[in-house]
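Some notes on the structure that comes next.
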Amino acid sequence: MDIDKALTDTAFNNREYMMAHLPYEREMEFYQSIKMGNVEEAKRLFKPLGGDGFGKLSDDSLRNIKYHLIVTIAFITRYCIEGGMEMETAYNLSDIYILRIDRCVDENEVNAIHREIVDDYANRMRVIIKKGLYSKPILICLDYIYDKLHYKISLNDLAECTGLSAPYLSKLFHKEVGVTISQYISQKRIEAAENLLKYSDYSCIEIANYLCFNSESYFIQVFKSYTKMTPKEYREKFFRTRWGDKD
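Quick note on numbering: the sequence shown equals residues 347 to 593 in my numbering.
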């Protein structure tokens, strides 16, 4: 195939039918917003695939937007690596999403994954950037809490990990993170509970036990204080909604 001839023909057809690609500056601004963890800006700059400003990569419309999304993931992945995301994490995420895209059977599925990818990478980058604001002892605490959510976590455990006294660590944590250690642990456990209610079949009491709440009733009380819903109400509203299930 004569690439130069194809390039000339494509440029002619694009001018003839007034087709233009997205402005370079706007496209780079979009990727930069994800890199900086600016979730709201990424949402503002988000543009659905396959409309005005997107080239034609396949005669098949579904395959066309799949190709566009794979290109988008490639850019997002590299921008996030530049922004500080661990390389293996970034590429593994990319592989996971590309496999999901490959299994899509209609354009709505692809578009839903597109939005999910932007939100996921931007939120991950926001966490990474925020971590840059924390001292080493607090980072150790955050990692420990993340790994041990399903165990009892005490202030003394965290103090031992960091080599600091419990009273000093407690003050330092509140100063840097903005909440107490116990509040932060509760917040992270509720976030984990939300995911389990959305994507698993575990019962309320099983989730409460797994995340080390003292009782099911206490779990329900804390969950409602964070989400304004009971676990049952939350599951009824969100269970597998992002999987496209109808039941």
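The beta-carbon is built from N, C-alpha and C at its ideal position, and this holds for glycine as well.
For Tyr467 against Ile380, the beta-carbon gap comes to about 5 Å, under 8 Å, which counts as contact. Taking the CA atoms as reference points, His414 sits about 19 Å from Arg390. According to the DSSP assignment, Thr573 belongs to the alpha helix (DSSP H) that extends over Glu562 to Thr573. Minimum Cα-Cα distance from Glu387 among the listed residues Gly430, Asn469, Asp405 and Tyr437 corresponds to Asn469. In the three-state scheme derived from DSSP, where H, G and I count as helix and E and B as strand, Asp466 is classed as helix.
Taking a contact to require three or more Cβ pairs closer than 8 Å, the stretch 487 to 499 and the stretch 514 to 531 qualify as touching. In this structure the stretch 456 to 465 touches the stretch 416 to 432; the number of beta carbon pairs closer than 8 Å is three or more.
Within its own chain, the residues whose Cβ lies closer than 6 Å to the Cβ of Phe376, once the five positions on either side in sequence are excluded, are Leu391, listed in chain order. Here Ile442 is exposed: its Cβ has fewer than 16 other Cβ atoms, across all protein chains shown, within 10 Å.
In the three-state reduction of the DSSP assignment, Tyr492 falls in the helix class. In this structure, DSSP gives Phe392 a state outside helix and strand, which the three-state scheme calls coil.
The three-state reading of DSSP puts Gly401 in coil, since its state is none of H, G, I, E or B.
In the pairwise beta carbon analysis, the stretch 526 to 543 is classified as touching the stretch 572 to 583: at least three pairs are separated by under 8 Å. In this structure Glu540 is in contact with Tyr580, their Cβ atoms being roughly 7 Å apart against a cut-off of 8 Å. Secondary structure at Gly429: helix, using DSSP grouped into helix, strand and coil. Here Tyr548 carries a coil assignment [DSSP, helix/strand/coil]. At a Cβ-Cβ threshold of 8 Å, Leu495 and Leu557 count as neighbours.
Inclusion of Ile474 and Ile499 in the CB contact set at 8 Å is not warranted, their separation being larger than that value.
By the beta-carbon neighbour count (other beta carbons within 10 angstroms, threshold 16), Val451 is exposed.
Contact between Phe585 and Lys521 is ruled out by a C-beta separation of about 39 Å, above the 8 Å threshold. Only buried fits Met471, as 16 or more other CB atoms lie within 10 angstroms of its CB. Around the Cβ of Pro394, a 10 Å sphere holds fewer than 16 other Cβ atoms; the residue is exposed.
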